[in-house]
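Asker:
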Amino acid sequence: MPAVSMTVNGKAVTGDVEARTLLVQFLRENLRLTGTHVGCDTSQCGACVVHIDGIAAKACTTLALQCEGAKITTIEGLAEPNGPLHPMQEAFREHHGLQCGFCTPGMIMAALDIVRRRGNDLDEHTIREQLDGNICRCTGYHNIVKAIAAGAKAMAKGGARQAAE
Amino acid sequence: MSATGIGAAVRRKEDFRFITGKGQYTDDVIRPGETRAVFVRSPHARAKIKRIDTNAAKSMPGVVAVLTGAELAGDKIGNLICGWMIHSKDGTPMKMAPHPALASGTVNHEGEAVAVVIAETMAQALDAAEKVNVDYEPLPAVTDAAKAKSGPQIHDIAPKNTIYEWSLGDAKAVDAAFGSAKHVTKLDIVNNRLVPNAIEPRAALAEYDAGTDQLTLWNTSQNPHVARLVISAFIGMAPEHKLRVIAPDVGGGFGSKIFIYPEEVICLWAARKVRRPVKWTADRSESFVTDAHGRDHVTRAELALDANGKFLAMRVKTIANLGAYMSTFSSSVPTYLYATLLSGQYDIPQIYCEVDAVYTNTVPVDAYRGAGRPEATFVVERLVEVAARQMGIDPADLRRRNFVKSFPHQTPVIMAYDVGDYDASLKKALELADVKGFNKRRREAARHGKLRGLGYSTYIEACGIAPSQAVGSLGCGVGLWESAEVRVNPTGSVEVLTGTHAHGQGHETTFAQLVSERLGIPFENVSIVHGDTDKVQFGMGTYGSRSGAVGMSAIVKALDKIEAKAKKVAAHMLEAAEGDIVFKDGKFTVAGTDKSAAWGDVALNAYIAHKFAGQELEPGLKETSFYDPTNFTFPAGCHICEVEIDRDTGKTEVVNWTAIDDFGTVVNPMIVEGQVHGGVAQGIGQALLEGAVYDKEGQLVTGSLMDYCMPHAHDLPSFNVGLTETKAPSNPLGIKGCGEAGAIAAPAAVINAITDAIGTEELVMPATAQTVWVALKRAQPRQAA
């Protein structure tokens, strides 16, 4: 089996994978980073969104081998182990932007990419349109939209426009 | 109200693990030496299995075992069952066909499991599953509820594919009332089949300990104790005390994770056979063809009114599609969870309902958020809205004229409404939705080539299920009480073990709010434990908006006992009579004195037991309650939907949503609002976007998230939600339940709004752009007054 090397949440990792091994399988099964979820098999739900070299991508539609040498950030890498939460994580909690929590890691990672592309002052319409790649069955999105708008603003205050990569 | 007590919008305890990726869902659990299971599934809706050749699969790399229905039968593993007995009008019991966990002889729906491959890795299991050669003889299938009775017979036990022909109400009295009616409104209604689509796919991980003969199952379950009971007592997998079921974090349920499915049965069976842990996780395509679907009714409904618009009677005939097999609670959904709610919020003297449940070659249908009550509400609220339009009465006014106004109110369909104020929620909703300004908005929209419509839904539901004797008399195989165990530690912190299960509802927060307020201890000092049959002795789980009304009531009862015992301990500590001890704000005081003992001191003394004789008072501080409610609860409210429709494309936009709900006591308004948002989103999804479609051969053509339209953020508006409150008299907290209201209320409000805009009542769900556009072609849009 070919070997693949990448940096995940700031740590260099190497593993043997099959050519068909998906990034999400590598993260979940090889590295046991189970915060990245799989909710579908057609790239619709976005539960698996991670950042590859700073850009949001669906880890269920990315081969592990494609990520050779890449810098990957997952939900586990957003906040330091004993440090404060990332403002976007905090905003999801503050605004009740999650219920069952399963779509949440992907939502937060996608939200950070919206901030990267559209800035910190996000209106409701923009957020709703830009969330097209993520599905939540619990919240009706109302509070997710509020959380993302607030999280984006909080990131500007903290000077942390980028995610913690 | 304290900052963390009842009524406070406390931020959730459970969120930290979810927002940091530390949740522990079933697929996240990894056991040493675990293998992966992949199921071989029928590509046909109906076929005879002539032969299964597993030889090639067995020789594939990494394969541990390949198992079929023949081996399952050989091991005498029992069939899956439906646990609610319904009798037909003629007194005969429902026709429950055998449902083996792996097909035997025939397959009856696309996706039915035929064999299972156990292999070292997922990839190896998938590869080997491809090599299982099943020789099918395809047979003609029927998928449509309305055609089921004339279709090919699916099960020997059920001629004309009929499971039961059930009725409720007085047919003769209803006929007489219709005879004297001034106006009759008739509607033909299809309640579209839905796929639940919790974002976490179902999963099961089973492990067998040969040393202790103990089986453990991690499972995406809303009710792990019920799963253990059924798998033990009916399927015969293992004695109940040798089976542990753990439902860890569960990523949404909406009903679909109540039921006992073939996959967890097979994982348990296989784990014991191969002596290795066996894990199965559905991919989304499997979810579509194996998770129990929802709704799927075909209905003829009629409402009789007098000249003043007073309702005289209602007559309803429904065919309910239950799919290829009877799922765990499927029989109850189109009967006692449906026809019993046909009175809505109204005083209707006579109601008669007939329900024929049928088998078809489709995925089994069972409870999905609301379960029967959305179907009932859609019937009632469409009839009322259309009647108002036909009689030229304002729809809000027609509702008001017929509301139940005095309580208790006995409906003609079993339910006894205990409390409510339907005028209050309607009035508040009319104001919040600015209905007065609607005509102006309609004219404004027309200037931009858009059609505006306004639709109401004044719904009622029966929740807090349910008094065990009541549901037992209706055929339910279990009691629907709930349990709680309150464990006070010597340091004063508290663990509450509950028989409910949270999969998004935030019980770890709301239940802790109750305990914190009642005992006067910090919210942080309370932990809620659920979802493990080794920790919680028994419980009925979470569905039917029951966890607050029933589950929290059980906690209240256990806390009553804790307080009584703690007072005894305090009395010894303070050298006072037990009757003189007052407990308030976390402190035990001797009435009329300044002598007191803090909560923590009393907890410690209960355990060190130095101040009292063990013969007189048992050491320790732990109490249990099994709480059985005295009635259903009846959440009710008014939702108003305003839509704008593009005349050229038929695309509907929900531009305003108003929800005023009466949930009784609200423990955490933030969480309750979130439940309303999510429910309404699912209801709008049913009305505008979602629908499971089978082709003539029985293939599910909406079998993935590419084909089945789930609501996205841009499909939905922000919601204006508010509350009214009449406390439920049937439980100590006055809670009614909030989990399903949105999904129950919303579809009728949406369709009432669209039909208001386009001027025809002939519109099926989902009202996609194409459907609305076609309807517009034959309609005369309503103009602003």
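Protein sequence lines correspond, in order, to chains D and U. Numbered by my numbering, the letters in the first sequence go through residues 1 to 165 in order. Numbered by my numbering, the letters in the second sequence go through residues 1001 to 1785 in order. Here a beta-carbon is modelled for each residue, glycine too, at the ideal position from N, C-alpha and C.
1. Classify His1448(U): buried if its beta carbon has 16 or more other beta carbons within 10 angstroms, exposed otherwise.
2. Tell me, please, whether the CB atom of Asn82(D) is closer than 9 Å to any CB atom in chain U?
3. Nearest CA to the CA of Ala1238(U): which residue from Gly1169(U), Ala1746(U), Ile1258(U) and Ile1266(U)?
4. Please look up how many angstroms separate the CB atoms of Ala1462(U) and Leu1480(U), rounded, as I've assumed it's under 8 Å.
5. Alpha carbon to alpha carbon, how far is Val1602(U) from Lys1587(U)? Give it in angstroms, no decimals.
6. If you drop the 5 nearest sequence neighbours on each side, which residues of the same chain put their C-beta closer than 6 Å to that of Ile1788(U)?
7. Only counting the same chain, and skipping five residues up and downstream in sequence, which positions put a Cβ closer than 6 Å to that of Trp1269(U)?
8. Rounded to whole angstroms, what's the CA-CA distance from Val1358(U) to Lys1242(U)? Just pull it up for me.
9. Opposite Ala1047(U) in the DSSP bridges: which residues?
10. For the stretch 20 to 45 of chain D, list every residue whose C-beta sits within 9 Å of some C-beta in chain U, in sequence order.
11. Within the continuous alpha helix (DSSP H) that includes Asn30(D), where are the two ends?
12. Assess, as a yes-or-no matter, whether the stretch 1619 to 1639 of chain U is touched by the stretch 1657 to 1668 of chain U under the definition of 3 or more beta carbon pairs within less than 8 Å.
13. Against Pro105(D), what residues of chain U qualify as contacts under a CB-to-CB distance less than 9 Å, listed in chain order?
14. Whose C-beta lies closer than 7 Å to the C-beta of Asp1015(U) among residues of the same chain, with five residues either side of it excluded?
15. Return the CA-CA distance between Gly1255(U) and Val1365(U), expressed in angstroms with no decimal places.
16. Measuring only the C-alpha atoms, how far is Thr1035(U) from Pro1522(U)?
17. Given a threshold of 16 other Cβ atoms within 10 Å of its Cβ, counted over all protein chains shown, does Arg1051(U) qualify as buried or as exposed?
18. Taking only three categories from DSSP, how would you classify Trp1481(U)?
19. Going along chain U, which residues have a C-beta under 8 Å from Ile75(D)?
20. Do you know how far the Cα of Val1643(U) is from the Cα of Thr1652(U)?
21. Residue range of the beta strand (DSSP E) that Glu1495(U) falls in?
22. Should Asp1188(U) go down as buried or exposed, given a rule of 16 or more other Cβ atoms within 10 Å for buried?
23. Check whether the Cβ atoms of Gly1033(U) and Arg1276(U) sit closer than 9 Å, and answer yes or no.
24. Give every residue of the same chain whose Cβ lies closer than 6 Å to the Cβ of Gly1759(U), excluding the five residues on either side of it in the sequence, and list them in chain order.
25. Can you name the residues of chain D whose CB is closer than 9 Å to the CB of Ser1285(U)?
26. Listing by chain order, which chain D residues have their CB less than 7 Å from the CB of Phe1259(U)?
27. Grab the span of the alpha helix (DSSP H) containing His1225(U) for me, first residue to last.
28. One question on the structure: do Glu76(D) and Lys1535(U) come within less than 9 Å of each other, judged by their Cβ atoms?
29. Does chain D have any CB closer than 9 Å to the CB of Val1358(U)?
30. Excluding sequence positions up to five away, which residues of its chain have a Cβ less than 7 Å from the Cβ of Met109(D)?
31. Grab the span of the beta strand (DSSP E) containing Arg1036(U) for me, first residue to last.
32. For Leu1689(U), go through chain D and note every residue whose CB falls closer than 7 Å to its CB, in chain order.
33. Touch check for the stretch 1673 to 1690 of chain U and the stretch 1738 to 1751 of chain U: three-plus C-beta pairs under 8 Å?
34. Measure the alpha-carbon distance for Thr1458(U) versus His1639(U) and round it to whole angstroms.
35. Within the chosen definition, does the stretch 1044 to 1062 of chain U reach the stretch 1206 to 1217 of chain U through at least 3 CB pairs nearer than 8 Å?
36. Answer with yes or no whether the minimum CB distance from Leu1072(U) to chain D is below 9 Å.
Answerer: According to the data block:
1. Here residue 1448(U) refers to the residue found at position 448 of the second sequence. Its Cβ having fewer than 16 others within 10 Å, His1448(U) is exposed.
2. The sequence position of residue 82(D) within the first sequence is 82, counting from 1. Answer no: the Cβ-Cβ gap between Asn82(D) and chain U never drops below 9 Å.
3. Locating residue 1238(U) in the second sequence gives position 238, counting from the first residue. When each option's Cα is compared against that of Ala1238(U), the closest is Ile1266(U).
4. Taking the second sequence and counting its residues from 1, one reaches residue 1462(U) at position 462. Taking the second sequence and counting its residues from 1, one reaches residue 1480(U) at position 480. Incorrect: roughly 12 Å between the Cβ atoms, too far for contact.
5. Here residue 1587(U) refers to the residue found at position 587 of the second sequence. Here residue 1602(U) refers to the residue found at position 602 of the second sequence. Each residue's alpha carbon lies about 9 Å from the other.
6. In this structure chain U extends from 1001 to 1785, so residue 1788(U) is not present and cannot be described.
7. Residue mapping note: residue 1269(U) aligns to position 269 of the second sequence, counting from 1. Excluding residues within five positions, the ones whose Cβ falls inside 6 Å are Ile1077.
8. For the purposes of this step, residue 1358(U) is identified with residue 358 of the second sequence, where counting begins at 1. For the purposes of this step, residue 1242(U) is identified with residue 242 of the second sequence, where counting begins at 1. Approximately 37 Å between the Cα atoms of the pair.
9. Reading the second sequence from its first residue, position 47 is the one you call residue 1047(U). Note: Ala1047(U) sits in a beta bridge opposite Val1107(U) and Pro1138(U).
10. Arg20, Thr21, Gln25, Arg28, Glu29, Arg32, Leu33, Thr34, Gly35, Thr36, His37, Val38, Gly39, Cys40, Asp41, Thr42, Ser43, Gln44 and Cys45
11. By 1-based counting over the first sequence, the position of residue 30(D) is 30. Asn30(D) -> no alpha helix (DSSP H), and no H or E assigned at all.
12. yes
13. As a working mapping, residue 105(D) is identified with position 105 in the first sequence. The contacting residues are Phe1018, Ile1019, Thr1020, Gly1021 and Gly1023.
14. Numbered from 1 along the second sequence, position 15 holds the residue referred to as residue 1015(U). Here the set comprises nothing.
15. What you label residue 1255(U) is simply residue 255 of the second sequence in a count that begins at 1. What you label residue 1365(U) is simply residue 365 of the second sequence in a count that begins at 1. C-alpha separation (whole angstroms): 11 Å.
16. Position 35 of the second sequence, counted from the start, is the residue given in the question as residue 1035(U). Position 522 of the second sequence, counted from the start, is the residue given in the question as residue 1522(U). Their Cα atoms are separated by approximately 44 Å.
17. Your numbering for residue 1051(U) matches position 51 in the second sequence. Answer is exposed; the Cβ neighbour count stays below 16.
18. Counted from its first residue, the second sequence places residue 1481(U) at position 481. DSSP places Trp1481(U) in coil when its eight states are reduced to three.
19. Here residue 75(D) is taken as the residue at index 75 of the first sequence, counted from 1. Going along chain U in sequence order, the residues near Ile75(D) (Cβ under 8 Å) are Ile1019, Thr1020 and Gly1021.
20. Working through the second sequence from its first residue, we reach residue 1652(U) at position 652. Working through the second sequence from its first residue, we reach residue 1643(U) at position 643. Near 6 Å, if we compare the C-alpha coordinates of Val1643(U) and Thr1652(U).
21. By 1-based counting over the second sequence, the position of residue 1495(U) is 495. Unbroken beta strand (DSSP E) run through Glu1495(U): Val1494 to Thr1498.
22. Your numbering for residue 1188(U) matches position 188 in the second sequence. The residue in question, Asp1188(U), is exposed, as its Cβ has fewer than 16 Cβ neighbours within 10 Å.
23. The count along the second sequence starts at 1 and reaches residue 1033(U) at position 33. The count along the second sequence starts at 1 and reaches residue 1276(U) at position 276. Their beta carbons are under 9 Å apart, which means Gly1033(U) touches Arg1276(U) by this criterion.
24. Along the second sequence, one-based indexing puts residue 1759(U) at 759. Correct list, in chain order: Ala1779, Gln1780, Pro1781 and Arg1782.
25. If you number the second sequence from 1, residue 1285(U) lands on position 285. Ordered by position in chain D, the residues that pass the 9 Å Cβ test against Ser1285(U) are Cys40, Asp41 and Thr42.
26. Counting from one through the second sequence, the residue named residue 1259(U) turns up at place 259. Those within 7 Å of Phe1259(U) in chain D number zero; the least Cβ separation is about 17 Å.
27. Numbered from its first residue, the second sequence carries residue 1225(U) at position 225. Its alpha helix (DSSP H) spans residues Pro1224 to Leu1229.
28. Position 76 of the first sequence, counted from the first residue, corresponds to residue 76(D). Position 535 of the second sequence, counted from the first residue, corresponds to residue 1535(U). Not closer than 9 Å, so no.
29. Walking along the second sequence from the start, residue 1358(U) turns up at place 358. Chain D contact via Cβ: absent.
30. Within the first sequence, numbered from 1, the residue matching residue 109(D) stands at position 109. Around Met109(D): Val49, Val50, His51, Ala56 and Ile75.
31. The residue you call residue 1036(U) lines up with position 36 of the second sequence. Element bounds for Arg1036(U): Thr1035 to Arg1041.
32. Taking the first residue of the second sequence as 1, we reach residue 1689(U) at position 689. Ordered by position in chain D, no residue passes the 7 Å Cβ test against Leu1689(U), which lies about 12 Å from the chain.
33. yes
34. Locating residue 1458(U) in the second sequence gives position 458, where the first residue counts as 1. Locating residue 1639(U) in the second sequence gives position 639, where the first residue counts as 1. Using only the alpha carbons, I get a separation of about 6 Å.
35. no
36. Residue 1072(U) sits at position 72 when you count from the first residue of the second sequence. Not closer than 9 Å to any Cβ of chain D, the Cβ of Leu1072(U) fails to qualify, so no.
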